[in-house]
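So the sequence shown is numbered by the numbering used here: it starts at 191 and just counts up by one.
Below is one structure, written out as structure tokens; the observations come after it.
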Amino acid sequence: MKKIRRILLALCFFICCSIVSKAQTLLQMKDLSQIKIENYNDDDIRALSAKMHETGMTEDQLSQLAEDRGLPAAELAKLRLRLETIDQPKRAKETVTGNTPSDNSKKKFSDPLNNNESMQTFTNDSSIFGSELFTKNSLVFEPNLRIPAPPNYILGPDDEIILVVYGSSEKTYNLTVNEEGNIYIPNVGPMFVSGLSLEQATQKIKNKLGATIYRAINSGQTKVQLSLGKMKSIRVTVIGEAQKPGTYTISSVTTLYNLLYLCGGPTSLGSYRAIEVIRGNEVKRMADLYAFLTEGNQKDNILLQEGDVIRIPYYKNRVSLAGEVRRRGKFELLPNETFQDLLKYSGGFNDIAYRAAVSVTRITEKEKKIIDLEASQYSSFKSNGSDSYLVGKLMDRFENRVIISGQVNRPSSYQFDPGMTVKALLTKAGGLAPDAYRQRVSIFRYRQNMVPTILAVNLDSVLLYNQDVALDKDDSIQVHSIFEFKDRSFVTLEGNVRQPGNVTWRENLTLRDVILSNGGLTDAGDTATIEVSRRLKNADVRSPDYLQSNIFNINLSDKNNSYNDLVLQPFDLIVIKSIPGYSIQRVVLVQGEVLAPGKYALQKSGDRLSDLFKRLGGFRSTADSNSVTIRRALQNNLSISQREKVFQRILNISQDSLDVNEKLRNDLYKDYDIISVNLGKTLSDPSSSENILLEQGDIISIDRSSNLVKISGEVYYPTQIPYKNNTTLKYYIQQAGNFTPSARKTGALVVYPDGRAKSVRHFLFFKSYPKVKPRSEIFVPQKLRNNRSRLGTAEWAVIVSSIGLVITAIKALFP
């Protein structure tokens, strides 16, 4: 592995050396007339650019040198284009973001012109108001280089001026301000424009052209337009408490806020309100970022000039604000600002703030102290550095509230006025509801020490006899309903009605009303045997056989029956019985190898299997007419959970054992039983026990005939083989490869198509094998596993020794 690394390092070294040597060779060649720039890749051109910068050579000097050595003009243009393309990202970055000392050890900033790069964020105290301008990925403070220069733009060296003359004469000049501050106009001569604004330079050039080569300018026939092409770069310095102080090379249209964004803004110790722009050793502008944060005012966002120094001093007065305000955090205040200004910067109180007073914690020379700031002092109270303000929460209490609830028309909270009475509050609440309980209402009240108390009032006395009661603040009145003190009255309808259930009792409610409101009787309902049971309130419980309820037997068909229109009482129980002899059809399903499979209705209550087969029309030729299988729904009403409890109690097993035992689970969760019947015997002898009674929902299946016999269980090759007449069980076992060593031979059994099973019989040393029929299954079970371990040599030795001792003792007893 080390050898491979050495080879790769050597290869990289030789490649780098070859690139450098190739670039150096290009610089040292005397004759460049045969050079093709397209033969050089980007690495070669990049190495040439690096070598050029090392020697201090400019692009113009390199071009002049290449031209002197015979490089064709076309190839020279290609070379300049390649160099410009290679150096463009570096130039853009140096121009906009600037170079600062020790950049390699600090965070790097992205190029604002290159949106593909991720924006750099700074770690700062996010609780300081204004820090979000510099800690979030935002493009708000990036210079816009795609707008025209403002009229007050100051020209300087490296600025490119585009002069357009149009009208009677048309001409375009691309003029660059040189290091002396002059521009040169052909046939006019040099003009000094450095330090002039774009507007001043326009007027000066216009006057000069009008006096020389374009005299039609004076008459207005020729016009002059001046604009800025390429802008110069300027260098400014950031000092003080900046995230990234240093000297920046930036575009000449960069503003103060642009530069603050580039340097990361103030540190946690820096000021946001006294940022100085120093120009010519004088403070040109004192910038306050809070004016922009709170009002969007950019009056301090001035254009920077060459040599400007931006100083971010330490903050002088920073306070903290917590509690129920819209924005909590740290705020910098000017000496003349008050708590009212602090509220403005924080967005003001929130909805649940206590506004009457604020708690102020102030640090003195020796210790801390608390100041209770009243609302009247908000506009005059000035902070002392490091003050901490806490705005409390409004108490969940009302100064003028009373509450009324219950059986009034408009229960709610109402304004309390001194002298308010119960009658006045009832009037505001729209009066009492019809079911209001008037004899007693409760007034819940708190004493001055907040001990709860209750006062009972008779509303009839208040409303009818003017015995009014005065209320206090926070009183709560509850008006009850008369139905709160009565049982909910209803009658119950059961049996053969379309909508059985409870029916709300009303006065004069009759039996016919209840039956009609619940949809009437069903088809099975009997109008002649309706039974109404009524509660007794005065039963003689001392009697051994006392009457518990009154029973009314009603025949609605008999108009002379005295109870035909019985008026019901609360809690009456009405039972609608079935018509005697009414019976719904019972249906069974026949499927399989019969001529007419499908559903069959049972004609008689005692219909048996033979009666049904008389109606089937016979069997198909493929039917096995010797046996039939009946699937019958379980005749119990136990739920699954009840069945589980029965299994666990009877078998004495846990729920976990029941879950892992598949056979028990199948027996537990099945919802039907399988009944196997010898169909041949049933049809030949209808009086036999095989001719079973049919039940509702029975599914009767007749299978296809087959001459195969299935062998399963502990045999070597479980399979199915054709039935052979006059053969025994042993023959089929041999066809399946014989018994396995774990087979329990004596337990082998034959399961016949009708579901019956016969096992091998034993008598002394003789075995009787059951007869095998077509479609039978021979099953060989597994031996029972014996958990007892075999005795080892040591155990046998102990047993033999014990037997010897016993024999010796017997001989001693019987000499």
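Where is the CB? At the ideal position from N, CA and C, for every residue including glycine.
Keep in mind the model is a prediction, meaning the values are calculated, not measured.
With DSSP as the reference, identify every bridge partner of residue i, one or two as the case may be.
i	result
M381	I373
V757	T700
K413	Y356
Q910	K900
Y772	Looking at the DSSP assignment, Y772 forms no beta bridge with any residue, so it has no partner.
M421	Its beta-bridge partners do not exist; DSSP assigns none.
F809	V784
Under a three-way DSSP split, which group does residue i fall into?
i	result
R281	Because R281 carries a pLDDT of 46, less than 50, the predicted location of this residue cannot be relied on, and the following value inherits that uncertainty. It is helical.
L785	coil
F529	helix
A432	strand
T484	helix
N692	strand
R552	strand
F675	helix
K871	helix
A623	coil
R724	strand
E684	strand
S733	coil
R951	strand
R934	coil
L388	helix
K193	Legend: pLDDT at K193 = 47, less than 50; position of this residue unreliable, no value from coordinates given.
T918	coil
Y447	helix
Y579	strand
V324	Here residue 324 is Phe; the residue named in the question, Val, does not match the sequence. Reduced to three states, the DSSP call for F324 is helix.
T290	With a pLDDT of only 40 at T290, under 50, the local geometry of the prediction cannot be trusted, and the value read off the model is given with reservation. Of the three classes helix, strand and coil, the one that applies to T290 here is coil, per DSSP.
Under the rule that 16 or more other beta-carbon atoms within 10 Å means buried, what is residue i, buried or exposed?
i	result
K163	It is not possible to answer for residue 163, since the shown part of the chain is limited to 191 through 1005.
R637	exposed
P608	exposed
R463	buried
T643	exposed
G903	buried
A933	buried
F675	exposed
S295	Model confidence at S295 stands at a pLDDT of 34, short of 50, so the residue's coordinates are unreliable and nothing is read from them.
N868	buried
D755	exposed
Y907	exposed
R688	exposed
I968	buried
D730	exposed
E880	buried
K434	buried
R732	exposed
V548	buried
S817	buried
When the distance is taken between beta carbons, is residue j closer than 7 Å to residue i?
i	j	result
I465	A481	no
G808	D893	no
T717	S747	yes
L649	R628	yes
N397	Y447	no
A646	N686	no
V777	A791	yes
V659	V592	no
Am I right that residue i and residue j are in contact with their C-beta atoms under 8 Å? What's the rounded C-beta distance?
i	j	result
A432	G454	7 Å
V443	A339	7 Å
R425	T412	That pair is no contact at about 39 Å.
R517	G537	5 Å
G927	V905	6 Å
L479	Y544	With 8 Å as the limit, L479 and Y544 do not qualify as a contact, their Cβ atoms being about 31 Å apart.
I720	I766	6 Å
K520	G575	Not a contact, Cβ separation roughly 12 Å.
A391	V378	With 8 Å as the limit, A391 and V378 do not qualify as a contact, their Cβ atoms being about 14 Å apart.
F319	Y535	6 Å
N897	P912	5 Å
I235	L273	7 Å
Counting only beta-carbon atoms, is residue i nearer than 7 Å to chain B?
i	result
S768	No chain B is part of this structure, which consists of one protein chain only.
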